[in-house]
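Residue numbers (the numbering used here), protein chains in the order written: chain X, 146 to 340; chain D, 146 to 340.
1) According to a CB-to-CB cut-off of less than 9 Å, which residues of the stretch 245 to 278 of chain D neighbour chain X?
2) Taking C-beta to C-beta, are residue 333(D) and residue 175(D) nearer than 8 Å?
3) Can you give me the C-alpha to C-alpha distance between residue 153(D) and residue 161(D), rounded to a whole angstrom?
4) Consider the Cβ of residue 162(X): report whether some Cβ of chain D lies at a distance smaller than 8 Å.
5) Measure the Cβ-Cβ separation of residue 265(D) and residue 234(X) and say whether it is below 8 Å.
6) Excluding the five sequence neighbours on either side, which residues of its own chain have a C-beta within less than 7 Å of the C-beta of residue 252(D), listed in chain order?
7) Tell me which residues of the stretch 303 to 330 of chain X have at least one Cβ-Cβ distance to chain D shorter than 9 Å, keeping chain order.
8) Alpha carbon to alpha carbon, what distance is there between residue 177(X) and residue 197(D)?
9) Give a yes or no on whether 8 Å exceeds the smallest Cβ distance from residue 226(X) to chain D.
10) If we count Cβ pairs, one from each stretch, closer than 8 Å, do we get three or more for the stretch 269 to 286 of chain X versus the stretch 241 to 259 of chain X?
11) Spell out whether any CB of chain X is found under 8 Å from the CB atom of residue 292(D).
12) Considering only the alpha carbon of each residue, which of 327(D), 170(D), 325(D), 285(D) lies closest to residue 311(D)?
13) By alpha-carbon positions, which one of 194(X), 202(X), 158(X), 225(X) ends up nearest to residue 149(X)?
14) What are the partner residues of residue 309(D), as DSSP defines its beta bridges?
15) Using DSSP's beta-bridge definition, name the partner residues of residue 183(D).
16) Going along chain D in order, which residues have a C-beta closer than 7 Å to the C-beta of residue 195(X)?
17) Taking only beta carbons into account, state which residues of the stretch 155 to 179 of chain D come closer than 8 Å to chain X, listed in chain order.
18) Determine the DSSP secondary structure at residue 196(D), reduced to helix, strand or coil.
19) Which term fits residue 200(D), buried or exposed, when burial requires 16 or more other beta carbons within 10 angstroms of its beta carbon?
20) Candidates 261(D), 156(D), 318(D), 246(D): which alpha carbon is nearest residue 280(D)'s?
21) Between which two residues does the beta strand (DSSP E) harbouring residue 229(X) extend?
22) Please look up how many angstroms separate the CB atoms of residue 221(D) and residue 151(D), rounded, as I've assumed it's under 8 Å.
23) Per DSSP, what kind of secondary structure is residue 234(D) in: helix, strand or coil?
24) Pick helix, strand or coil for residue 314(D), following the three-state DSSP scheme.
25) Does DSSP put residue 303(X) in a helix, a strand or coil?
26) Have a look at residue 158(D) and residue 327(X) and give me their C-alpha separation to the nearest angstrom.
27) So who's on the other strand from residue 210(D), going by DSSP bridges?
28) Which residues in chain X sit within 9 Å of residue 202(D), going by Cβ to Cβ distance?
29) List the residues of chain X whose Cβ lies closer than 8 Å to the Cβ of residue 281(D), in chain order.
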């Protein structure tokens, strides 16, 4: 049983006026009402270089905002991610955040002379809330949900974060106000349940 | 039958000294030897903002380097992509290039009041050459190759580019020089075959 008393919300949408941000704020409101400690990171507010310039060959120094983000990831016992699916994948801003923050030595540690690795972020759970412009069942069934697999299996669980729950909301494009309102209410309720 | 006389090579690795770059150069050498016209874009050399700041709500103006890249994509009849798989996905630099360049009106056009769209980049084929730090069969079988699905199905084919061939090379980590040399030779031969 995970108490989920320390919740970190990460909003990966670059647009300060996005629906994703509204969803994240609704979740935060619900979670705060339960007395949970909540920290929120809106990536569009951070100052950091999005590109991992030398890949894994040479270190790129962490900016203060990324150091704080690492501290908050270590602090949290539940991490809730909000982002849109663009091109079957994450927006570059969020991908860059992961490339820069989920470093060897922080998120995982490769074993010498072995293809295996140690997972360094164990003991935390996560929830991905992901918007898309296609019907969510179509994204799962026909495309096999590549962004979900990349994020859940190959990023979060790779680093020891589990279980990882996924909620998909779509299609956003052409959606009615009532659809958007319904999901905002749902997020607030997720927050209250620390889901 | 695609004549493939205009080949565009796009290297998405941010590191100027990467193995991906060496692979791209080997392919270029082979293709030039056949008399094909070849253009190469190494993303680490371009000047552009990686983040699509307002999503699809508000236009972000294209930098000259991205305008040139769009011209080269329109010019090419075969596009060869080189990049590493990081976190089951593309490096942020390449994802940002796609977010910024593959815009509505350039790569696709959504139809009014419909979830369908017109594909604007028809008549071009592509080849993805993708390196990874895990065994390639494991990436396909266990993880269902999310970066391949995102890039092939939800980016290139979504925009009308097809067929899309995929070549995976891995694991790169702990690989021997002979393994790396073999794949460099293979790329040169792919270039000669305009594969």
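For each residue, glycine too, the CB sits at the ideal point set by N, CA and C.
Note that this is a predicted model, so its numbers are computed, not measured.
Reading off the structure:
1) 245, 247, 255, 258, 259, 260, 278
2) yes
3) 19 Å
4) yes
5) no
6) 265, 266, 304
7) 303, 316, 318, 319
8) 31 Å
9) no
10) no
11) yes
12) 285(D)
13) 225(X)
14) 271(D)
15) 152(D)
16) 195, 196, 237, 241
17) 158, 159, 160, 162, 163
18) coil
19) buried
20) 318(D)
21) 223 to 229
22) 5 Å
23) strand
24) strand
25) helix
26) 41 Å
27) DSSP lists no partner for residue 210(D).
28) 160, 162, 163
29) Residues of chain X passing the Cβ test: none, with the nearest at roughly 12 Å.
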